[in-house]
Structures are given as structure tokens and as C-alpha cells.
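**Q**
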Amino acid sequence: MALGILIPKFMWRLTVNPRKTDWICLQAGYKQNVDLMEDMGCFGSKDKLSKEDMDFLKSHTRYDEATIKEWYKGFKQDCPNGRLTPAKFVDMYKMFFPSGNAEEFCDHVFRTFDMDKNGYIDFKEFLLAIDVTSSGTPEEKLKWAFRMYDVDGNGVIDIQEMTKIVQAIYDMLGACSSNRPADSAEDRAKNIFAKMDENNDGQLTQDEFLKGCLQDEELSKMLAP
Ligand SMILES: [Ca+2]
Ligand SMILES: [Ca+2]
Ligand SMILES: [Ca+2]
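In the working numbering, the protein residues as written are 11 to 235.
What follows is the structure, given as C-alpha cells:
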């Protein structure tokens with residue numbers, strides 16, 4: 011079972027490649043509501059993405075202009091003031107893990123999305139993260155994952171950080187989930203370190219993390235989005 015970044019994967023499924031049932035269960039769903047809002051004429055010109063932001067996203071993501079516009083409409087519909095807050099973020103994920111405690115894990119994913127650390131996710135941050143986690147190269151995805159595991163942002167992952175994220179994922183999966191692995195978060199983190207910490211200094215550099223994942227399919231599945 012993949013421990014990895016479950017969340018962006020779900021977001022991607024919900025937003026880029028939606029199935030009807032997903033939209034129905036996700037009240038914060040995008041497209042249906044967007045279509046409805048459009049029919050109602052809810053999108054005025056003031057809601058348009060600035061040319062500057064559009065140019066930035068066209069050159070920093072794999073999306074074309076039409077797709078970016080579509081995403082933006084959805085984003086504005088969910089977050090009319092252009093800010094995706096931690097509370098809203100948690101609400102989205104709780105719908106998928108109703109029996110577990112998603113809040114801690116959401117904090118970590120939120121932190122990774124919120125690149126300028128100003129406490130909310132704006133549209134650019136949102137789309138950059140979705141782009142990388144859904145259609146980035148394996149290396150791009152792993153770099154993104156590395157930032158999530160590096161909780162204090164000092165450029166290396168220590169065993170406490172790894173244990174913390176793994177524990178947060180376990181908590182989110184919930185005690186009753188059949189998905190929940192049998193080993194403890196501590197054991198899982200230790201195993202990951204045993205495989206990845208090449209020079210045994212108790213820290214994973216980005217290189218060790220990337221190399222470890224790229225060489226080991228199991229680790230990659232576990233840790234990457
Ligand atoms: Ca931000
Ligand atoms: Ca760190
Ligand atoms: Ca090391």
C-alpha cells in the first residue's frame with residue numbers, strides 16, 4: 011500500500027480527471043458547480059486571472075491557457091477570495107478519510123503547497139502543486155515529496171520528520187482501515203532510513219531521497235505522489 015502523498019493524488023483525480031460520483035460526494039467539487047455558475051452568469055470580468063499570472067502558469071506548468079482558465083474558474087468558485095485556507099483544505103480530505111484523523115497530514119500537505127508560507131494557498135501555488143503531483147516527472151514528484159517530509163525546511167529529512175509524516179498518514183487512514191499497514195510508524199521510518207541513508211549520518215539529503223526512491227520501486231510507491 012502506498013504511503014506516499016495520497017492527497018495530491020486524490021486531488022488530481024477529483025479535479026483533473028473527475029468521475030461523476032466524486033463530484034457528488036465532494037461538496038467542494040469543481041466542475042459541476044462551475045458549469046452551473048457559468049450558466050448563472052456568476053463569472054464577471056473582475057474574476058479573470060491576470061495576464062501576469064496566466065503567463066507565469068503557462069511557462070511553469072504543462073497546462074495550456076484554456077485548461078488554466080478552467081482550473082481558475084473552479085478555484086474561484088471554491089475560494090471566491092482567491093485563498094484556499096487550511097480549514098477548507100482539511101474539509102476536502104475529511105470526505106475521503108471520514109474514519110481517520112486527516113488534520114495532521116493535511117497540515118503537512120498544506121505547508122508543501124503554501125510555498126511562500128503566508129498561510130493560504132493561492133491559485134498559482136495550487137496549480138503548480140497539482141501540475142507537479144499529477145503530471146510531473148518522477149524526479150519532480152520526488153522533489154515535491156522531499157519538501158513535505160522535510161518538515162522544518164532545513165534541507166534534510168531526519169528520522170523524527172520521517173516518523174511524523176508516516177504517523178500522520180497512519181492516523182489519516184484510521185484505526186479500522188483495511189489499508190492501514192501492520193507495522194508501526196517508527197518501524198516504517200526506520201526501514202526507510204535503513205534503505206536510503208547511504209552514508210548513515212541519520213539524515214536524508216535530497217540526493218539520497220531521490221536516489222533511494224528511483225532505485226527502489228517499493229520505496230518510490232510508498233513515498234512519492
Ligand atoms: Ca501562499
Ligand atoms: Ca528537516
Ligand atoms: Ca545521509
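Where a beta carbon is used, it is the ideal one built from N, C-alpha and C, also for glycine.
Tell me which residues share the same chain as Lys104 and place their Cβ nearer than 7 Å to its Cβ, disregarding the 5 neighbours each side in the sequence.
**A** Ala112
**Q** For His118, count neighbouring C-beta atoms within 10 Å of its own C-beta (all shown protein chains included) and say buried if the count is 16 or more, exposed if not.
**A** buried
**Q** In the DSSP assignment, find the beta strand (DSSP E) that holds Ile167 and state where it starts and stops.
**A** Val166 to Asp168
**Q** Could you tell me if Glu196 is buried or exposed, where buried requires 16 or more neighbouring beta carbons within 10 angstroms of its beta carbon?
**A** exposed
**Q** Distance, Cα to Cα, Gln170 vs Phe107?
**A** 24 Å
**Q** Can you have a look at Gly129 and say buried or exposed, based on whether 16 or more other CB atoms are within 10 angstroms of its CB?
**A** exposed
**Q** Should Ser230 be labelled buried (16 or more other beta-carbon atoms within 10 Å of its own) or exposed?
**A** Per the 10 Å Cβ criterion, buried.
**Q** Please specify which runs of the alpha helix (DSSP H), each continuous and at least 4 residues long, are wholly inside the stretch 144-227, giving them in chain order.
**A** Uninterrupted alpha helix (DSSP H) stretches at least 4 residues long and entirely within the stretch 144-227 occur at 148-159, 169-183, 195-206 and 216-225, given in chain order.
**Q** To the nearest angstrom, how far is the alpha carbon of Leu214 from that of Trp154?
**A** Looking at the two C-alpha atoms, the distance is approximately 15 Å.
**Q** Thinking C-alpha only, which one of Glu228, Gly184 and Leu183 is nearest Asn201?
**A** Nearest to Asn201 by C-alpha distance, out of Glu228, Gly184 and Leu183, is Glu228.
**Q** Taking a cut-off of 6 Å, which residues have a beta-carbon closer than that to any heavy atom of ligand 1, in chain order?
**A** Matched residues: Asp124, Asp126, Asn128, Tyr130, Ile131, Asp132 and Glu135.
**Q** Quick one: any contact between the stretch 211-226 and the stretch 166-183, if contact means 3 or more CB pairs under 8 Å?
**A** yes
**Q** Compute the distance between the beta-carbons of Arg72 and Asp141, then report whether it is under 8 Å.
**A** Yes, Cβ-Cβ distance for Arg72 and Asp141 is below 8 Å.
**Q** Could you compute how far the alpha carbon of Trp81 sits from the alpha carbon of Asp88?
**A** Looking at the two C-alpha atoms, the distance is approximately 11 Å.
**Q** DSSP on Leu233, reduced to helix/strand/coil?
**A** helix
**Q** So, is Asp124 buried or exposed, given that buried needs 16 or more other C-beta atoms within 10 angstroms?
**A** buried
**Q** Nearer than 7 Å: is that true of the beta carbon of Val166 relative to any heavy atom of ligand 2?
**A** yes
**Q** Provide the residue span of the alpha helix (DSSP H) that contains Lys98, from first to last.
**A** Run containing Lys98: Pro96 to Lys104, per the alpha helix (DSSP H) assignment.
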